[in-house]
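Asker: Quick note: the sequence shown uses the working numbering, first residue 9, plus one each step.
Each residue gets a CB set at the ideal place from its N, CA and C atoms; glycine is no exception.
Quick one: the structure is below, and I'll ask about it shortly.
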Amino acid sequence: MRVIGIDPGLRRTGWGVVDVTGNRMTHVANGVCASEGAILAERLLSLHVALTDVLLRYAPDQAAVEQTFVNKDAVGTLKLGQARGVILLVPAQAGLPVAEYAPNAVKKVVVGVGHADKTQVEHMVRLQLPGVEISGADASDALAIALCHAHHAKFSGKLEAALAKAGA
């Protein structure tokens with residue numbers, strides 16, 4: 009299974025791709041899609057184009073996107089929501105299942121505590137993906153999201169297999 013994790017942002021959207029084979033997870037690629045343009049519509053379009061290119065290059069089987077929290081600034085929250093809509097649309101257009109995870113859930117799975125800081129998250133990503141070169145904090149968060157989804161998918165598969173075996 010190949011998973012892309014996506015950390016939504018209007019200015020910078022982090023992405024990270026991991027391969028999952030059994031209990032082994034390996035780093036494929038990571039980076040940041042930086043939006044371009046003077047107006048919101050141009051920035052959203054540039055995110056769509058850049059993320060579509062990433063999906064075409066790395067051909068993931070599944071996508072995981074971090075849920076956003078509400079900012080103090082309503083206008084900023086609305087713009088982030090619009091960017092997140094584009095970010096959810098791209099993998100859906102590619103026919104991928106898209107899972108969503110709360111930031112605290114990602115941290116709980118990757119670090120072990122739901123209120124970990126960014127340095128703790130990056131440290132644990134590096135431990136789980138030895139030798140990884142991370143393209144910044146947004147890419148680190150995206151890799152954490154991909155790892156979270158991989159762990160959930162593995163657990164889900166084991167649970168389904170155990171239930172099927174018990175019923176057989």
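(1) Compute the Euclidean distance between the alpha carbons of Glu50 and Gln90, then round it to the nearest angstrom.
(2) Taking the straight line between their C-alpha atoms, what separation do you get for Lys115 and Ser43?
(3) What's the call for Leu167, buried or exposed, on a 16-neighbour Cβ count within 10 Å?
(4) For the beta strand (DSSP E) holding Ile95, just list the boundary residues, first then last.
(5) When we look at the beta-carbon of Arg21 and count the other beta-carbons within 10 Å, is it buried (16 or more) or exposed?
(6) Could you say which of Gln136, Asn31 and Cys41 lies nearest to Val94 if we only look at CA atoms?
(7) According to DSSP, is His123 helix, strand or coil?
(8) Just the Cα atoms here: how many angstroms apart are Ala161 and Asn31?
(9) Can you tell me whether Leu167 is helix, strand or coil according to DSSP?
(10) Select from Gln75, Val98, Asp61 and Leu48 the residue whose C-alpha is nearest the C-alpha of Lys87.
(11) Quick check: the region 92–111 against the region 54–74, are there 3 or more CB pairs under 8 Å?
(12) Does the beta-carbon distance from Gly24 to Asn38 come in below 7 Å?
(13) Give the DSSP-derived three-state secondary structure of Asn112 in the structure shown.
Answerer: Reading it off the structure:
(1) Taking the first residue of the sequence shown as 1, we reach residue 50 at position 42. Taking the first residue of the sequence shown as 1, we reach residue 90 at position 82. Going from the Cα of Glu50 to the Cα of Gln90 covers about 12 Å.
(2) Along the sequence shown, read from residue 1 onward, the residue named residue 115 stands at position 107. Along the sequence shown, read from residue 1 onward, the residue named residue 43 stands at position 35. Roughly 26 Å between the two C-alpha positions.
(3) By 1-based counting over the sequence shown, the position of residue 167 is 159. With a pLDDT of 46 at Leu167, under the threshold of 50, the modelled position of that residue is not reliable, and the figure given next carries that caveat. Burial call: exposed.
(4) The residue given as residue 95 occupies position 87 in the sequence shown. Annotation: Ile95 is outside any beta strand (DSSP E); the continuous alpha helix (DSSP H) that includes it extends over Ala82 to Gln101.
(5) Taking the sequence shown and counting its residues from 1, one reaches residue 21 at position 13. The sequence shown places Thr at residue 21, not Arg. It counts as buried.
(6) Stepping through the sequence shown from its first residue, residue 94 is reached at position 86. Checking every option, the nearest Cα to that of Val94 belongs to Cys41.
(7) Stepping through the sequence shown from its first residue, residue 123 is reached at position 115. Coil.
(8) Working through the sequence shown from its first residue, we reach residue 161 at position 153. Working through the sequence shown from its first residue, we reach residue 31 at position 23. Distance between the alpha carbons of Ala161 and Asn31: 11 Å.
(9) Translated into positions along the sequence shown, residue 167 becomes position 159. Bear in mind that the predicted position of Leu167 carries a pLDDT of just 46, short of 50, making it too unreliable to give a figure here.
(10) For the purposes of this step, residue 87 is taken as the residue at position 79 of the sequence shown. Answer by Cα proximity: Leu48.
(11) Short answer: they touch.
(12) The residue labelled residue 24 in the question sits at position 16 within the sequence shown. The residue labelled residue 38 in the question sits at position 30 within the sequence shown. In contact: Gly24 and Asn38 (Cβ atoms closer than 7 Å).
(13) As a first step, residue 112 is located in the sequence shown; it is residue number 104 there, counting from the start. The answer is helix: DSSP assigns Asn112 an H, G or I state.
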